[in-house]
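J.: Can you read through this structure? Questions will come right after.
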Amino acid sequence: MVNIQNALLWGYLLVSIVIVPGIITGLIRKVKARLQNRIGAPVWQPLLDLIKLFRKEETLSETASWLFRFSSALNLSIAVYLAITSPWISPRPDTGACDLFLFLYLFAAMRLFTMLGAMDTGSPFGPFAASREATLSFMVEPAAILSLASLALVARSSDLTVVFSNYTSQHWALWVLSGSAFLLASLVELSRMPIDDPTTHLELTMVHEAMILEASGKNLALVEFANALKLSILFGISAQCFLHAIPGLMVNASPTIHGIAGLTGLSLVAGSVGIFESLSVKLNWRAAPEFIAYSLAVALIATLAALGADFV
Amino acid sequence: MNLPLAQIPLLLIALVAILMVGSTHLRLNIWLFSAQALLVTMATALSAVQHSDSHLYIIAALLFVLKVLAVPKFFMYIIEKVEVQRDTGTVVRAPVAMLLSIAFLWLSYILARQLPVPSGDTIGWPGATAAISLLCTGLLLMLTRRIALSQIIGFLVMENGIYIFGLTQTNGMPMFIEMGILLDVLAGVMLAGLIAFRIKKNFEHIDVTMLTELKENL
Amino acid sequence: MSIGSMIIGASCLTALVLVFCCLLHKPNHRIASLLLASIGVLFVSGALLCWNTVTLWHISDWISIGLICPEFKVDSLAAFFLLSLGTITTCCAVYSPAYLHHLADKINSRFYWSAQFAFVLGMAGVLISANAVVFLVAWEVMSLASACLVVSEFRQHRAQRAAMIYLVATRMATGFISAGFLIMYSICGDWSFDSWQFSDHHKWLAASLLMLGLIIKAGVWPFHIWLPYAHPEAPSPVSALMSGVMVKVSIFALIRFFVFGHLTCAPLIYGLFALACISAFWGILFAINQRELKRVLAYSTVENVGLILVGVSLCIWANNLGLTGIAKIALTGALLHSFGHGLFKSLLFLCAGSVDYAAHTRDLSLLGGLAKTMPSTGIAFIAGSSAICALPPFNGFASKWCLYQGLLQSSFTMPLLIDRAITLGAIGLLSCVGALAIATFAKAIAVAFLGNARSPQSRKAKEVPLSMKVPQTFLALCCLVAGVSSPWLAPPLMALIPGTNGLQPPISIFATLPLWQVGLALTVMIMFFYGCVLNKAPHIDRTWDCGFGSLGIKSQVTGDSFAQPIARIFSPILRHKLAIHISGRERRHFPERIVVEPSMVSLLETRLYRPAANILDRISRMIGKLQAGSIHLYLLYVCLALVLVVFAGIFLW
């Protein structure tokens, strides 16, 4: 019985890893399109795009070294590993511990190799984007780590699986604060609005899109998929934070309810990100630190809440 | 004027020193130094007679050999080698320096009165006067002369002063200390002479005022 | 006396003999490096045999230094650092002959090798010393030998200046340490470290002096300024040893004195913690803005020393509060990071040496594209950078994870709320430092190894010979293996601090660190993606150039422009300025020539050390006026001094 349930959970996880990233990306695009009075592509369009890219021939820069293709393979591997181990959807099979610091440093590894890949082709656009990415990341990293660390503090464990297995919603305010801080940090980490508009193509201001400018064909498919997976994981984690804040929703609930709640939460987060992106304008590059400061401020309030809740 | 025999060489020593400050001829200075050393030997011998002290005789003999004969001879040799005759002074001219040294003699006369004199001793006070004036005169000689040899002579004059002080105030120091000092003086003179050679060889003069260029200018 | 300690003692003696042999007879590079490598291997084997044993030697019967006899002690802590020393010495020795070949006429091999042996001997001596006098002697051998090695290229003016700055730092360090030792001796009446405990409050002055001396030598902010001068000027194997081991020797001494000597002075502990945090941040901030590869690495050493000291100070702090569990994790983090930093920093320095060897420059604005011409060095450099950026599954992550874990556990077990807040804040700061480290090494890798070559000499660079490739590859593998096996390396280190009364059972915590699983999973998946998805050879074409014709060297981003956004944010600290000069008749619309020159000034040097040095200089000048060069004046001084002494004797007696 347990084995069957576990096998089902594994199946659910693997199917989600393949399908959810595309759907979530498509959902954000759809919401934005509707808000701009367009019908927009169907939500599964990114999946179709990926399949198309996988079939295309790859063109490689003559300057690029082995690192260029290696980095995209490595990035997707890291993203898949994190998708398997981290609690971004519920319910999940028992995949062992997912340490908070390991989680963040694996993302850091993805970032390093994306930057290296961007700088490998000798193009001027990639390195500029990488430089912006580096600048953003060092500002946003404390917010990301502190929002999760305040949760870990209350749970007295750095294992995210343990942190997210507590459904008592005792510290709902902390969950909301951490979730919002992490969501804001994710927006920067994924270089979405208001830091950068992923739908425009102005190489001089782009962050992530300019870094993958030279990738094409299958390579681009790997990169796009890794990025969509990263987006789903980060949004999924904040969705889970918000779900934990709702009293009595997840306690002793069946796996089906967990699954529905998790997917709904993720979709709602993605939808609200879509709405937010439609309403906001892209910030001047020099104003980006001000936006990140909000994220850091929320994270700091979350740590204060955690210290206060824990310190009796 | 009732002058005890023992005081005569002491006063002459001080006068010779003053003459040395006044003279700018190096050769004359060395002759004067030799004469001064002879007077020192005589004072030692007189003291030896007075106290019938056998070891003072030995010291007197040593002084005669070293200071009266050997050191002046060595200086003469150096003068031959480095080819200098006169030492025009620096800071103050020789006559002024001589007057200054006479002032120092007065000063030492007064200073010596302050010293506790051994009771019943006739040479204590004149001895201290001579000694202190020799110290000052020797220093003056070193300070006011250009040629490196004058510095050595000045040093030897000071050394004589210290010796006289020891002789007249404490009836001579223990023999081993005296001999050690004599050895030091000899070694010092030899070294100074050698250095004078080297200075002459490298700078083609032995004018110490020009050695300021050795200093690193910061 | 165990076999391990005999091996260590014998290899120390061999090194001592070799110091003089090399001085007397001009050594062959190959033979000398072979001997040095074998000494390194002996250190490693001796250290492994000495693990978990304590050997104490008194050589009172043979010789004695003054009033005390030489005492040596090999325990697990010393063995752990000896292991690091041995490994890195061996690699540097193997690397040396080929590297020194291209410096052939610039160095004096006799002095180089005897200083090299003395340097290794000094470091080993500090590690195994058991009393203060032996420690000081070995410490001085280590400091002076390394100063000689810094000035290996003795004709270079820059090397002379670097050695001067380094000498000032080591002199200050030795001065403070000696003062601390003397005070401790006057209190304890014993030179032996075993009887030195720092828990009484009247020993705090000694403790603070010792700490000051040791952190000067460790290169902690604000005493770090010698590192970016000394490391780049020394030959690469020497900078690898200096940064990889010598700096750790002071950390070893800090651990020996203050962790095992139970320092309880709270202001000192907080001070050390604060300095550690500042140097971590300051170091990496300056590292990212450097233009020379070895200076980047030198500043990154400042950062890593900061990280290690966060662990050390947290350990002392937690030990005082009775939280042995946290103390154990923090010390494990500090020790693992010392070891790991030794491995990857020496690896990076050796790679920088290879770049210098092949391209004849270390200036990042002249390098580029070396990953294709020097694949082995490129891979080794990327592996070392990944380790230093603490990317899983390399060893840098394992040690940093211990530090994070210690801080996180402190944030819910320390009794005071302010302590909890401080540790939580430190987590945030360390994550920021980590992100900056990634940016720094992304810049270093990308500008040196990726893209197009920026100068003819780096275009002509060829891969280094085998004897230089092997140590690099070996160290890179060590980083990986030490990282993957860290769950097994850590528990023995935890046993170094006695006691089990911690709140958390710390050993089990390593169950949540699945580094080998990460390594395995990533390897399998990368092989899958490479084999099944990217298996088809791509169509090769030019990099997209917006249709303006092929991209030149000038269109490539330089290291300076990569770091510019970060430098701009921190311009108050970095004093970063951009001088932009646009010329041309219609310069607004059709500029003919644009010159952009970034400038950066080290705040500490201009605002603290320069004024201090100026004041010292002015005082020395005043005193220097006394030295007029006139013999007559000197005679007057002597006379006046004599008179003064006489009068002083009269009036004071």
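The listed protein sequences correspond, in order, to chains A, B and C.
The first sequence begins at 0 in numbering that gives the first Met the number 0 and counts up by one.
The second sequence begins at 0 in numbering that gives the first Met the number 0 and counts up by one.
The third sequence begins at 0 in numbering that gives the first Met the number 0 and counts up by one.
The beta-carbon is built from N, C-alpha and C at its ideal position, and this holds for glycine as well.
1. Taking 7 angstroms as the threshold (beta carbon to beta carbon), is G648/C in contact with chain B?
2. Spell out whether any CB of chain B is found under 7 angstroms from the CB atom of I630/C.
3. Does the CB of P597/C have a neighbour CB from chain A at under 7 angstroms?
4. Can you give the Cα-Cα distance for A452/C and L8/A, rounded to whole angstroms?
5. Measure the CB-CB distance between L514/C and P391/C and report whether it falls below 7 angstroms.
6. Does the beta carbon of W400/C sit closer than 7 angstroms to a beta carbon anywhere in chain A?
7. Is A286/C helix, strand or coil when you go by DSSP?
8. Between the Cα of K344/C and the Cα atoms of S238/C, L512/C and R29/C, which residue gives the shortest distance?
9. Distance, Cα to Cα, M172/B vs S629/C?
10. Taking Cβ positions only, does M141/B come closer than 7 angstroms to chain C?
11. Near S659/C, which residues of its chain fall below 6 angstroms by C-beta distance, leaving aside the five closest residues on each side in sequence?
12. How long is the line joining the alpha carbons of A397/C and C478/C, rounded to whole angstroms?
13. Taking 7 angstroms as the threshold (C-beta atoms), are D52/B and I146/B in contact?
14. Starting from V483/C, follow the alpha helix (DSSP H) in both directions and report where the run begins and ends.
15. Measure the alpha-carbon distance for A562/C versus Q555/C and round it to whole angstroms.
16. Could you name the residues of chain D that P391/C contacts, counting a contact when the two beta carbons are closer than 8 angstroms?
17. Pop quiz: R541/C and E61/A are said to be a contact at Cβ under 8 angstroms. What is the actual Cβ separation, rounded to whole angstroms?
18. According to the Cβ coordinates, are A5/B and L45/B closer than 7 angstroms?
19. Between G261/A and I16/A, is the Cβ-Cβ spacing less than 7 angstroms?
20. T211/B CB to nearest chain C CB: under 7 angstroms?
21. Does the region 514-530 of chain C come close enough to the region 29-40 of chain A that 3 or more CB-CB pairs lie under 8 angstroms?
22. Is any beta-carbon of chain A found at less than 7 angstroms from that of I254/C?
23. Quick one, are the C-beta atoms of G45/C and G3/C less than 7 angstroms apart?
24. Who are the Cβ neighbours of A172/C in its own chain at under 6 angstroms, not counting the five residues just before and after it?
25. Can you give me the C-alpha to C-alpha distance between N500/C and A36/C, rounded to a whole angstrom?
26. Could you tell me the alpha carbon to alpha carbon distance between N130/C and S249/C, rounded to whole angstroms?
27. From what residue to what residue does the beta strand (DSSP E) around T54/C run?
28. May I ask you to verify whether the region 70-81 of chain A touches the region 153-172 of chain A, counting CB pairs closer than 8 angstroms and requiring at least 3?
29. DSSP three-state call for A40/A: helix, strand or coil?
30. Of all Cβ atoms in chain C, is any one closer than 7 angstroms to the Cβ of V188/B?
31. Looking only at its own chain, which residues have a Cβ that is under 7 angstroms from the Cβ of S237/A, when we skip the five neighbours before and after it?
32. Between F259/C, A351/C, I277/C and R154/C, which has its C-alpha nearest C91/C's C-alpha?
33. So the alpha helix (DSSP H) K80/B belongs to, where does it begin and stop?
34. For P564/C, which option in R28/A, F127/A, P20/A and G39/A has the closest C-alpha, if you only look at C-alpha atoms?
35. Can you name the residues of chain B whose CB is closer than 8 angstroms to the CB of L634/C?
36. Quick check: what's the CA-CA separation for P470/C versus Y94/C?
T.: According to the data block:
1. Taking the first residue of the third sequence as position 1, residue 648/C is located at position 649. At a cut-off of 7 angstroms between beta-carbon atoms, G648/C makes no contact with chain B.
2. Residue 630/C sits at position 631 when you count from the first residue of the third sequence. Put simply, the CB of I630/C is near chain B, with a gap under 7 angstroms to one of its CB atoms.
3. Locating residue 597/C in the third sequence gives position 598, where the first residue counts as 1. For P597/C, not one C-beta of chain A is nearer than 7 angstroms to its own C-beta.
4. For this step, residue 452/C is matched to residue 453 along the third sequence. For this step, residue 8/A is matched to residue 9 along the first sequence. Each residue's Cα considered, the two are about 51 angstroms apart.
5. One-based indexing of the third sequence puts residue 514/C at position 515. One-based indexing of the third sequence puts residue 391/C at position 392. Yes; because the gap between Cβ atoms is below 7 angstroms, this pair is in contact.
6. Translated into the one-based positions of the third sequence, residue 400/C becomes position 401. The C-beta of W400/C comes closer than 7 angstroms to at least one C-beta of chain A.
7. On the third sequence, position 287 is the one that residue 286/C refers to. When DSSP states are grouped into helix, strand and coil, A286/C belongs to the helix group.
8. Position 345 of the third sequence, counted from the first residue, corresponds to residue 344/C. Of the candidates S238/C, L512/C and R29/C, the one whose C-alpha sits nearest the C-alpha of K344/C is S238/C.
9. Counting from 1 along the second sequence, the entry for residue 172/B is found at position 173. Counting from 1 along the third sequence, the entry for residue 629/C is found at position 630. Their Cα atoms are separated by approximately 35 angstroms.
10. In the second sequence, counting from the first residue as 1, residue 141/B sits at position 142. Under the Cβ distance rule, M141/B counts among the residues neighbouring chain C, one pair being separated by less than 7 angstroms.
11. The structure shown has nothing for residue 659/C, since chain C only spans 0 to 652.
12. Residue mapping note: residue 397/C aligns to position 398 of the third sequence, counting from 1. Residue mapping note: residue 478/C aligns to position 479 of the third sequence, counting from 1. Rounded to whole angstroms, the separation of the alpha carbons of C478/C and A397/C is 11 angstroms.
13. What you label residue 146/B is simply residue 147 of the second sequence in a count that begins at 1. What you label residue 52/B is simply residue 53 of the second sequence in a count that begins at 1. 7 angstroms or more divides the Cβ of I146/B from the Cβ of D52/B.
14. Counting from one through the third sequence, the residue named residue 483/C turns up at place 484. It spans L465 to V483 - the alpha helix (DSSP H) in which V483/C sits, taken as one unbroken run.
15. To locate residue 562/C, count along the third sequence from 1; it is residue 563. To locate residue 555/C, count along the third sequence from 1; it is residue 556. Approximately 14 angstroms between the Cα atoms of the pair.
16. Among the protein chains in the structure shown, which are A, B and C, there is no chain D.
17. Taking the first residue of the third sequence as position 1, residue 541/C is located at position 542. Taking the first residue of the first sequence as position 1, residue 61/A is located at position 62. Right, their Cβ atoms sit about 6 angstroms apart.
18. In the second sequence, the residue the question calls residue 5/B occupies position 6. In the second sequence, the residue the question calls residue 45/B occupies position 46. Less than 7 angstroms separates the beta-carbon of A5/B from that of L45/B.
19. Taking the first sequence and counting its residues from 1, one reaches residue 261/A at position 262. Taking the first sequence and counting its residues from 1, one reaches residue 16/A at position 17. No Cβ-Cβ contact shorter than 7 angstroms links G261/A with I16/A.
20. Numbered from 1 along the second sequence, position 212 holds the residue referred to as residue 211/B. Yes, because at least one Cβ of chain C sits closer than 7 angstroms to the Cβ of T211/B.
21. The region 29-40 of chain A makes no contact with the region 514-530 of chain C, as fewer than three CB pairs between them are under 8 angstroms.
22. Counted from its first residue, the third sequence places residue 254/C at position 255. Chain A contact via Cβ: absent.
23. Taking the first residue of the third sequence as position 1, residue 45/C is located at position 46. Taking the first residue of the third sequence as position 1, residue 3/C is located at position 4. Taking C-beta atoms as the reference points, G45/C and G3/C count as a pair closer than 7 angstroms.
24. As a first step, residue 172/C must be located in the third sequence, where it is residue number 173. Closer than 6 angstroms at Cβ, skipping near neighbours: G212, I215 and K216.
25. Counting from one through the third sequence, the residue named residue 500/C turns up at place 501. Counting from one through the third sequence, the residue named residue 36/C turns up at place 37. Low per-residue confidence applies at N500/C: pLDDT is 47, beneath 50, and the placement is therefore not dependable, though the value from the model is reported in the following sentence. Those two C-alpha atoms are separated by around 43 angstroms.
26. Indexing the third sequence from 1 puts residue 130/C at position 131. Indexing the third sequence from 1 puts residue 249/C at position 250. Our two residues, N130/C and S249/C, have alpha carbons roughly 15 angstroms apart in a direct line.
27. Sequence index remark: in the third sequence, residue 54/C carries index 55 (1-based). T54 to H57 is the span of the beta strand (DSSP E), which, as asked, contains T54/C.
28. The answer is no - the region 153-172 of chain A does not touch the region 70-81 of chain A, with fewer than three Cβ pairs under 8 angstroms.
29. On the first sequence, residue 40/A is found 41 positions in, with the first residue counted as 1. The answer is coil: DSSP assigns A40/A none of H, G, I, E or B.
30. The count along the second sequence starts at 1 and reaches residue 188/B at position 189. No, V188/B lies away from the interface with chain C (no Cβ there is under 7 angstroms from its Cβ).
31. If you number the first sequence from 1, residue 237/A lands on position 238. Taken in chain order, the residues that qualify are G178, F181, L182, S185 and V268.
32. On the third sequence, position 92 is the one that residue 91/C refers to. If we check each option's Cα against that of C91/C, A351/C comes out closest.
33. Counting from 1 along the second sequence, the entry for residue 80/B is found at position 81. Run containing K80/B: V70 to V81, per the alpha helix (DSSP H) assignment.
34. Numbered from 1 along the third sequence, position 565 holds the residue referred to as residue 564/C. Distance from the Cα of P564/C is smallest, within the candidate group R28/A, F127/A, P20/A and G39/A, for F127/A.
35. In the third sequence, the residue the question calls residue 634/C occupies position 635. Close to L634/C, with beta-carbon spacing below 8 angstroms, are these residues of chain B in chain order: L138, M141, L142 and Q150.
36. Translated into the one-based positions of the third sequence, residue 470/C becomes position 471. Translated into the one-based positions of the third sequence, residue 94/C becomes position 95. Straight-line spacing of the CA atoms in P470/C and Y94/C works out to 6 angstroms.
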